[in-house]
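Asker: Following this message is one structure expressed as structure tokens.
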Amino acid sequence: MSLIEVTDYDRKIWEEELRDFLPDKIFDVHTHVYRKDLFDKEETQSNRTVSWPNAVASENPIEDHQEIYRLMFPGKDVKSLMFISGNTGFDRNNAYLSDVSKKTGWPALYYSLPTQSADEVERKVREGGFLGVKSYLSRAPKYIPTNEIRIFDFFPKKQLERLNDMGAICMCHIPRNERLKDPVNIHQILEIRKEFPKLRLIVAHIGRAYTKEDLGNAFDLLTEAPDTMYDFSANCCDDAITEVIQRCGAKHVMFGTDMPILRMRTHRIEENGTYVNLVPPGLYPDPYGDPHLREVSDEEAKSITFFAYEELLSFKRTAIKLKLDRKDIEDIMYNNAVTLIESARRDMYGTKE
Ligand SMILES: [Zn+2]
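The working numbering numbers the first residue of the sequence shown as 3 and each following residue consecutively.
This is the structure we're talking about:
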């Protein structure tokens, strides 16, 4: 059975909207590659995050990951920066990913925990051949209420200090309900840039600004730290993609998908300042009743395509609006990520791939 169904509607979007717009070489800077058989035996459901992603894919082994690119981006040369996902089995999945990275030559980040010492993080990163770290707000100490979690609760400064010395990459999915415009988030991003200038910081998903309301005046303040990088993975908000390119420049924005979630078939809308993913009926059973997910009729479902295509359509609208040239598009879709990764590799290992 194929991992995903590619419909006539999907092919039409690909051929008429995306194929010629996209460069032949694509670098996807935000992907999760992991296996569920490496999780601990008893599964733990985190109540700190949205639940709908679990309904899309429960794992993403490298074979599936590469197959999805062949199905969704036919004829394109797509590579990615990878990190693991899940709530358990970190050591086993990190080891698996290190192995995958060596075999494919695709770069990867170590999934770190805030309880680790700086020495341990450095040792694990270097032993695995990783180029930096990814962690997640759900790894913050359990006593902290979800909306009070700060970046330094899952990326402690003692780790960042060491990663800065190494010139490593830090993929940062910022916490808190106010998302990008949250004053604590903004303050801590600026603090990281100031104290750890050699750390290669990527603010994931444009700081989770999935609607215009999430942007606030964040970029008035964030432009004080001009060397920050942003990925627009899982982001279909034209306003957010437009603003990050306009304010930070095309050299500071990178394409990412957030696979495997972006295999999802959905059309995202904004409603009352938040997002709702419209989905075909019955495709993603969600026992947790996530308010961000809503089923539509069979008829409406016929014109719903992949989340990844929706994100690229949003980027295309932005590119047209901002009159980006071919070079800008190639930078955002490929060059910026490769430059960042190869410079981290040189600083950390003194070699090129
Ligand atoms: Zn992600």
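Built from N, CA and C at the ideal position, the CB exists for glycine as well.
So, with DSSP's three-state summary, where would you put residue 274?
Answerer: coil
Asker: For the beta strand (DSSP E) containing residue 81, list its first residue and its last residue.
Answerer: 79-85
Asker: Rounding to the nearest angstrom, what Cα-Cα distance links residue 18 and residue 161 in this structure?
Answerer: 47 Å
Asker: What did DSSP end up calling residue 29 once you bin it into helix, strand or coil?
Answerer: strand
Asker: Please find out if some non-hydrogen atom of ligand 1 comes closer than 7 Å to the beta-carbon of residue 67.
Answerer: In this structure, ligand 1 has no non-hydrogen atom nearer than 7 Å to the beta-carbon of residue 67.
Asker: Alpha carbon to alpha carbon, how far is residue 25 from residue 222? Give it in angstroms, no decimals.
Answerer: 31 Å
Asker: Can you tell me whether DSSP reads residue 98 as helix, strand or coil?
Answerer: helix
Asker: Grab me the residues of residue 198's own chain with a C-beta within less than 6 Å of its C-beta, minus the 5 sequence neighbours each way, in chain order.
Answerer: Sequence-distant partners of residue 198 (beyond 5 residues in either direction) whose C-beta falls short of 6 Å from its own C-beta, in its chain, are 162, 166.
Asker: Return the Cβ separation of residue 152 and residue 186 in integer angstroms, given the expectation that the two are a contact with Cβ distance under 8 Å.
Answerer: About 6 Å; that satisfies the 8 Å criterion.
Asker: Taking the C-alpha atoms as reference points, what is the distance between residue 194 and residue 173?
Answerer: About 13 Å.
Asker: Using CA coordinates, which residue listed in 15, 82, 34, 11 is at the minimum distance from residue 261?
Answerer: For residue 261, the closest alpha carbon among the candidates 15, 82, 34, 11 is that of 34.
Asker: Ends of the beta strand (DSSP E) at residue 134?
Answerer: Start and end: 134-136.
Asker: Output the boundary residues of the beta strand (DSSP E) element that contains residue 297.
Answerer: Residues 295-297.
Asker: Report the three-state DSSP secondary structure of residue 266 (helix, strand or coil).
Answerer: coil
Asker: Quick one: complete alpha helix (DSSP H) runs, 4+ long, within the stretch 121-183?
Answerer: 153-156, 159-168
Asker: Report the rounded CA-to-CA distance for residue 144 versus residue 150, giving the unit in angstroms.
Answerer: Cα to Cα, residue 144 sits roughly 11 Å from residue 150.
Asker: With burial defined as no fewer than 16 other Cβ atoms inside 10 Å of the residue's Cβ, what is the status of residue 2: buried or exposed?
Answerer: The chain is shown only over 3 to 355; residue 2 falls outside these bounds and no answer can be derived.
Asker: Taking the alpha helix (DSSP H) that residue 204 falls in, what are its first and last residues?
Answerer: Careful: residue 204 lies outside any alpha helix (DSSP H), inside the beta strand (DSSP E) at 202-205.
Asker: Reducing DSSP to helix, strand and coil, say where residue 317 ends up.
Answerer: The three-state reading of DSSP puts residue 317 in helix, counting H, G and I together.
Asker: May I ask which residues mark the beginning and end of the beta strand (DSSP E) holding residue 232?
Answerer: Per DSSP, the unbroken beta strand (DSSP E) holding residue 232 starts and ends at 231-233.
Asker: Cβ of residue 241 versus every heavy atom of ligand 1: is any distance shorter than 7 Å?
Answerer: no
Asker: Give a yes or no on contact between the stretch 235-243 and the stretch 199-218, applying the rule of three or more CB pairs nearer than 8 Å.
Answerer: yes
Asker: For the alpha helix (DSSP H) that contains residue 400, what are its first and last residues?
Answerer: No information on residue 400 is available, as it lies outside the stretch 3 to 355 that the chain covers here.
Asker: Using a Cβ distance threshold of 8 Å, determine whether the stretch 83-90 contacts the stretch 107-121, with at least three qualifying pairs required.
Answerer: yes
Asker: Work out the CA separation of residue 238 and residue 215 for me, nearest whole Å.
Answerer: 14 Å
Asker: Just curious, the alpha helix (DSSP H) that residue 187 is in, first and last residue?
Answerer: 185-197
Asker: What's the call for residue 10, buried or exposed, on a 16-neighbour Cβ count within 10 Å?
Answerer: exposed
Asker: Report whether the distance from the Cβ of residue 30 to the nearest heavy atom of ligand 1 is below 7 Å.
Answerer: no
Asker: Quick one: what's got a C-beta closer than 7 Å to residue 65's C-beta in the same chain, skipping five residues either side?
Answerer: none
Asker: On a Cα-Cα basis, can you pick out the residue from 229, 335, 325 that is closest to residue 79?
Answerer: The candidate whose alpha carbon is nearest that of residue 79 is 335.
Asker: Among 351, 122, 270, 285, which has the Cα closest to the Cα of residue 314?
Answerer: Answer by Cα proximity: 270.
Asker: Comparing alpha-carbon positions, which option in 310, 332, 339, 321 lies nearest residue 8?
Answerer: 310
Asker: Can you look up residue 303 in the DSSP assignment and give me helix, strand or coil?
Answerer: helix
Asker: Leaving out the 5 sequence neighbours to the left and right, which residues in its chain are closer than 8 Å to residue 40 when beta-carbon positions are compared?
Answerer: 91, 94, 95, 98
Asker: Roughly how many angstroms separate the alpha carbons of residue 325 and residue 344, rounded to a whole number?
Answerer: 29 Å
Asker: Quick check on the DSSP output: the alpha helix (DSSP H) that includes residue 243 runs from which residue to which?
Answerer: 240-250
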